[in-house]
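First to last, the sequence lines map onto chains A and B. Going by the working numbering, the residue at position 144 of the first sequence is 437; the numbering climbs one at a time, nothing skipped. Going by the working numbering, the residue at position 40 of the second sequence is 147; the numbering climbs one at a time, nothing skipped. All remarks here apply to the structure that follows.
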Amino acid sequence: MNEKIPFRKLFFMFWAFFKIGAFTLGGGFAMIPLMKAEFVDKLKWLNEDEFLDIIAVSQCAPGAVAINSSIYIGYRLYGLPGAAIAALGTVLPSFLIILAVALVYAKIRSMPAVQKAFRGVYPALVVLVMSAAINLWKAAFKNYVDIGIAAICLAALFIFDVHPVFTVLAAGISGVLFDLRKEHGEEGDIG
Amino acid sequence: MILIKLFWAFFKIGLFSFGGGYAMIPFIQREIIDINGWLTPEQFMDIIAISQMTPGPIAVNAATFVGYKIAGFWGSVSATCGVAAPSAVIIITLAFMIKKYRSLKWVDRFFLRVRPAVIALIVNAAYSLGKNSITGIKDVFIAVLALLGLYMFKINPILLIVLASFLGILLN
Numbered sequence: 294m295n296e297k298i299p300f301r302k303l304f305f306m307f308w309a310f311f312k313i314g315a316f317t318l319g320g321g322f323a324m325i326p327l328m329k330a331e332f333v334d335k336l337k338w339l340n341e342d343e344f345l346d347i348i349a350v351s352q353c354a355p356g357a358v359a360i361n362s363s364i365y366i367g368y369r370l371y372g373l374p375g376a377a378i379a380a381l382g383t384v385l386p387s388f389l390i391i392l393a394v395a396l397v398y399a400k401i402r403s404m405p406a407v408q409k410a411f412r413g414v415y416p417a418l419v420v421l422v423m424s425a426a427i428n429l430w431k432a433a434f435k436n437y438v439d440i441g442i443a444a445i446c447l448a449a450l451f452i453f454d455v456h457p458v459f460t461v462l463a464a465g466i467s468g469v470l471f472d473l474r475k476e477h478g479e480e481g482d483i484g
Numbered sequence: 108m109i110l111i112k113l114f115w116a117f118f119k120i121g122l123f124s125f126g127g128g129y130a131m132i133p134f135i136q137r138e139i140i141d142i143n144g145w146l147t148p149e150q151f152m153d154i155i156a157i158s159q160m161t162p163g164p165i166a167v168n169a170a171t172f173v174g175y176k177i178a179g180f181w182g183s184v185s186a187t188c189g190v191a192a193p194s195a196v197i198i199i200t201l202a203f204m205i206k207k208y209r210s211l212k213w214v215d216r217f218f219l220r221v222r223p224a225v226i227a228l229i230v231n232a233a234y235s236l237g238k239n240s241i242t243g244i245k246d247v248f249i250a251v252l253a254l255l256g257l258y259m260f261k262i263n264p265i266l267l268i269v270l271a272s273f274l275g276i277l278l279n
């Protein structure tokens, strides 16, 4: 990671994050379909497995998920300069927009066209976020246990309102414990 | 000095708020209203409304807005850097450690089992977005069009959002 990274590549990455930052409405999760379309499908910088790992870590660490995941992806691609540039690209659009809004915010707030536009955006966002789940399906589900884990997590989130961090950690720990036990058993069989 | 105070308040927000998005609101509220008294509760509600209508993480939006209100342009820079700084340190540390230990068997198993949980998280996020935004027949119509656009016509997600905003203006 010490060799010189071409400025052009960094700028290209900056621009990718800037675009995503400019269109991420509705919080960090709305960013997932955009990031997947850009980095996994189009640019092929990450595969689906890596992408899922990055989302898991970004969700479990404190801070905004959007910032966490862009820093992680930037760091994975181009080290520390990559992390800095990716964070800047993600933050800059909202920074500039809020700065503009802070100047005229009383006026914008009551603009009916703005409110109507957002009534259109949100249903589309639901579809986009759902599609990200469906697209990543294959990478996440390797066997029936995985489907069971997803179902349990979903029930925990929906019905019992468990915090996302705990579902992710519990799923991971169950993986370590369950699979270790299985391996132990198999060793026993051979013996 | 006010710039340092802003940085520190938002540094704490970045450090202690887990879960991102709206899960961060109580943390932000505590620092900005309860501890520092930088905004009134009404102004804080406005920030949440603005954050809903503008792109980007809500924490960044709040940082930029509050920073600007308290100390102008450099205030907003200071607060925004503050909110992103903990993420940078923590994520880079984690990324470094994961890279180093990713080949260990139990770390691999951990992540293999975490993946289905991430799918559940994303489905849950879609559900909570939908619960509040798909309430009438018009919203269902837009969602169906988005579905068709995405899967039949392979429209780029960003373009899809722009088109949906026009549709929102036309239909409402």
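Think of the CB as a built atom: it goes at the ideal place given N, C-alpha and C, for glycine as much as any other residue.
- Taken through DSSP and simplified to helix, strand or coil, A:Ser351 comes out as helix.
- A:Tyr437 has its alpha-carbon roughly 30 Å from the corresponding atom of B:Leu255.
- Following the DSSP letters along the chain, one finds B:Gly237 inside the alpha helix (DSSP H) bounded by residues 212-240.
- Contact with chain A is found for B:Ser272, since one of that chain's Cβ atoms lies less than 8 Å from the residue's Cβ.
- Look at the beta carbons and you see the region 196-216 of chain B not touching the region 418-437 of chain A: under three pairs across the two are nearer than 8 Å.
- For A:Ala425, the enclosing alpha helix (DSSP H) begins and ends at 405-433.
- Following the DSSP letters along the chain, one finds A:Ala330 in no alpha helix (DSSP H), marked with neither H nor E.
- Interface with chain A (8 Å Cβ-Cβ cutoff): B:Asn263 is included.
- In this structure the region 143-153 of chain B does not touch the region 303-311 of chain A; the number of beta carbon pairs closer than 8 Å is below three.
- In the structure shown, B:Ile199 falls within a helical segment according to DSSP collapsed to helix, strand and coil.
- B:Thr187 and B:Ala170 do touch by the CB rule: their CB atoms are close to 5 Å apart, below 8 Å.
- About 6 Å separates the CB atoms of A:Gly314 and A:Gly382; that is less than 8 Å, so the two are in contact.
- Across the structure, B:Met108 and B:Val167 are spaced so that their CA atoms are roughly 21 Å apart.
- Nearest Cα to A:Ala410 within the set B:Ala156, B:Leu274, B:Ser158: B:Leu274.
- Secondary structure at A:Asp454: coil, using DSSP grouped into helix, strand and coil.
- Taking 8 Å as the cut-off between beta carbons, the residues of the region 327-344 of chain A near chain B are Leu327, Ala330, Asp342, in sequence order.
- If you look at B:Leu146, you'll find it isn't in any alpha helix (DSSP H); DSSP assigns it neither H nor E.
- For B:Phe260, there is no enclosing alpha helix (DSSP H), since its DSSP letter is neither H nor E.
- Short of 7 Å from the beta carbon of A:Glu331, and not among the five residues preceding or following it, lie these beta carbons of its own chain, in chain order: Ala309, Ile313.
- A check of alpha carbon separations from B:Ser194 across B:Pro164, B:Lys261, B:Gly182, B:Ser240 identifies B:Pro164 as the nearest.
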